[in-house]
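*Asks:* The sequence shown begins at 1 in full-length UniProt numbering and counts up one residue at a time.
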Amino acid sequence: MPITVEFPSQNSVQLNQPILGTELFALYPPARPAVAMRVNHYLRPLSWQIDADAAVTPVDTSTFEGVWVYRNTLSFALIMACHRALGKGLTVRHSISDALYWVFNDGTAMTPSDVASIDAELRRLVAADMPIQREILSLDKVVRIFNAQGKQDTAKLLALTAVDPVEVYRSADLYCCFYGPLMPSMGELDRFSVEPLEDGLALRFPTVASPDGLPAYTPLPKVSRVFSEFGNWLKTIGVTTMADLFDVVNSGGDADVVLLAEALHSQRFAQLAEEIVKDPERRMVAIAGPSSAGKTTSAQRLKIQLRITGALPVTLSLDDYYLDEITTVDEHGEPDFESIEALDLERLEKDLQSLVEGRPTKVPIFDFTRHRRSGERTVSLGDKGILVMEGLHALNDRLVGMIKAEQRFGLFVAPMTGVSLDGHNRTSTTDNRLLRRMVRDYMTRGYSPEETLKVWPSVIRGGNKYIFPYQQNADAMFNSVLFYELAVLKSLVEPLLRRIEDSSPVYGEAQRLLGILRFVPVLSAHLVPNNSVLREFIGGSVVAI
């Protein structure tokens, strides 16, 4: 029976027999090399066989999912290169400046010579176009294989979640599990860089903003320090992977997990407040961060800690400075609320100057239901007052320059790193923010999960363009992740994701998220304190948000 394949351009072709994705795109090459494909909205590897009528979309590195597939395939090749060159295993620690930071899993420091050997072997694997085979194996066989290869964390996680059978990938005699599709071979991994970084290496790869090359690498020492400190803390409490978290939850340690994470946040807020007030010249704290970072709760929690020191903090939201008429537009011609040009910068500068000089100042109030200003309120700092200003752009160069350096303290807030799935698969903080936002949008703003998923790529692009480039303007970083939070979000977000029908263009993304959440335990939301950053998204907060 003939098979009809429909492409995004609405062109369709008739085939006389089933065909693999690699074969299809060899006959009908896409504009950019495909790393995977969507078959009726499902993300599939190019080794997938199309054996019935289907809508097929090539997936390349100009898309978030394409970067995910490319990065995971490159990571598998890196692991293989290290194994062959040095006989050692690797563990991914975190992302840093559009790169992944990898270290030896035996804890020894990596030398520049080690990095050079891994890089040389990786390039040999790419030149040889090493094939990668997709296999579907029984759970008990996969557990035996991974235990034999020293990947006990992966074996344990799979056993705990009882996913059977298991999709794995193999190249030569090395197996891996990346919880999603990989490319069919290593020959197309033609854009990467391996560079020494601290005690390990940085693996760089294409991004959506640089799909045909590599983005500029910017060292972020402040961010690296946060990653290192948090990673060491997770080691101290013995929860570095999801298998560890499962163990704690299954042994009845639910409440302890929550209390530990929340205590760390409280400790950090207290440290920040002490750091801010030790300089009497400081009159303003500027808090910035991407969407769903927890900026509002962080600002209010910090305000309380500042009051304990004797300071008199006053909060100001940049959201109140939106213009009534947004003239800037995004690439789709829609109003660009992520742009700093959407703010009344002239009014903001005048008000900030007035406030830090101690004068009573009328500041605007913006009504988001009517999308315009609804009035004003009078704010005054007095002699002991400190302005706590939060918003997407609070650390933007144009705003930072409005106040003298000695009068301001910059704080960047974001979920920066959390508990990894296993040694080769970190949990994405971007996904973390997406799940936070999905729950909040549904519970408090009336948005469907489908609507949230549709706008999310635009939110990410806005953050990469307008927010993350200015994080180094911060004097301090706050990692707003709670290492238990995915376990709480899971029970709230899974029903929302399952509502998305297979005809939706975001169905595949919903399935990807559900696939990741399979490997996360469940914690009750009732355990979450009412002043937690997480309450900003799941409701029930006593903090003014």
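Glycine included, each C-beta is placed from N, C-alpha and C at the ideal position.
Just so you know, these numbers come straight off a predicted model, no measurement behind them.
1. Pick helix, strand or coil for T297, following the three-state DSSP scheme.
2. Give the DSSP-derived three-state secondary structure of K222 in the structure shown.
3. Beta-carbon separation of S480 and G294 under 7 Å?
4. What separation, rounded to the nearest whole angstrom, lies between the Cα atoms of S428 and A34?
5. Can we say the region 173 to 185 touches the region 107 to 123, given the rule of at least three CB pairs closer than 8 Å?
6. On the DSSP letters alone, give me the boundaries of the beta strand (DSSP E) that A171 sits inside.
7. For S75 and D114, I'd like the C-alpha separation in whole angstroms.
8. Put D129 into one of helix, strand or coil per three-state DSSP.
9. Could I get the ranges of all uninterrupted alpha helix (DSSP H) runs contained in the region 261 to 312, with 4 residues as the minimum, in chain order?
10. Which word fits M1, buried or exposed, when buried means at least 16 other C-beta atoms lie within 10 angstroms of its C-beta?
11. Do the region 353 to 366 and the region 377 to 387 meet, that is, are 3 or more Cβ pairs less than 8 Å apart?
12. Between the region 522 to 533 and the region 484 to 495, do at least 3 Cβ pairs fall closer than 8 Å?
13. Per the contact definition of three or more C-beta pairs closer than 8 Å, is the region 49 to 68 in contact with the region 10 to 26?
14. Does R204 pass the burial test, meaning 16 or more other C-beta atoms within 10 Å, or should it be called exposed?
15. Between the alpha carbons of L421 and L395, how many angstroms are there, rounded?
16. Give the DSSP-derived three-state secondary structure of E65 in the structure shown.
17. Could you pull out every residue in the same chain whose Cβ sits closer than 6 Å to the Cβ of T91, ignoring the five residues on either side in sequence?
18. Residue ranges of each alpha helix (DSSP H) run of no fewer than 4 residues wholly in the region 411 to 466, ordered along the chain?
19. Would P313 pass as a contact of I386 if the rule is Cβ separation under 7 Å?
20. With a 10 Å radius around its C-beta and 16 neighbouring C-beta atoms as the bar for buried, classify E501 as buried or exposed.
21. Less than 7 Å between the beta carbons of P364 and E349, yes or no?
22. At 3 residues or longer, and completely inside the region 12 to 100: list those beta strand (DSSP E) runs for me, N to C.
23. Going by DSSP, what residues sit across from A102 in a beta bridge?
24. So, helix, strand or coil for T4, using DSSP?
25. Note the first and the last residue of the continuous alpha helix (DSSP H) segment covering S251.
26. Can you find at least 3 beta carbon pairs, one from the region 271 to 284 and one from the region 405 to 413, that sit closer than 8 Å?
27. Could you tell me which of K151, L514, Y70 and P29 sits nearest to H83, measuring between CA atoms?
28. Roughly how many angstroms lie between the CA atoms of N147 and R370, to the nearest whole one?
29. Any idea what DSSP makes of K384, helix, strand or coil?
30. At what residue ranges does the region 107 to 157 contain a whole run of the beta strand (DSSP E), taking only runs of 3 or more?
31. When the Cα of L7 is compared with those of L15, P58 and L43, which residue comes out closest?
32. Does the Cβ of L182 have 16 or more other Cβ atoms within 10 Å, making it buried, or fewer, making it exposed?
33. To the nearest angstrom, report how far apart S339 and L399 are at their CA atoms.
34. Within the continuous beta strand (DSSP E) that includes K362, where are the two ends?
35. Quick one: give me the first and last residue of the beta strand (DSSP E) that V379 is part of.
36. Under 7 Å Cβ to Cβ from L15, same chain only, skipping five residues before and after it: list those, please.
*Replies:* Taking the structure as given:
1. helix
2. helix
3. yes
4. 23 Å
5. no
6. A quick correction: the sequence has Ser, not Ala, at residue 171. It spans V166 to S171 - the beta strand (DSSP E) in which S171 sits, taken as one unbroken run.
7. 17 Å
8. coil
9. 295 to 308
10. exposed
11. yes
12. yes
13. yes
14. buried
15. 32 Å
16. helix
17. V103, N105 and G423
18. 429 to 444 and 449 to 466
19. yes
20. exposed
21. no
22. 12 to 15, 36 to 39, 42 to 44, 54 to 59 and 90 to 95
23. For the sequence presented, residue 102 should be read as Trp rather than Ala. According to DSSP, which records beta bridges pairwise, W102 is partnered with V92 and L201.
24. strand
25. Unbroken run through S251: none, as it is neither H nor E.
26. yes
27. K151
28. 59 Å
29. coil
30. 133 to 137
31. Looking at the sequence itself, residue 7 is Phe, so the reference to Leu does not match. Looking at the Cα atoms, P58 is the closest of the given residues.
32. buried
33. 13 Å
34. T361 to D367
35. R372 to V379
36. P2, I3 and V5
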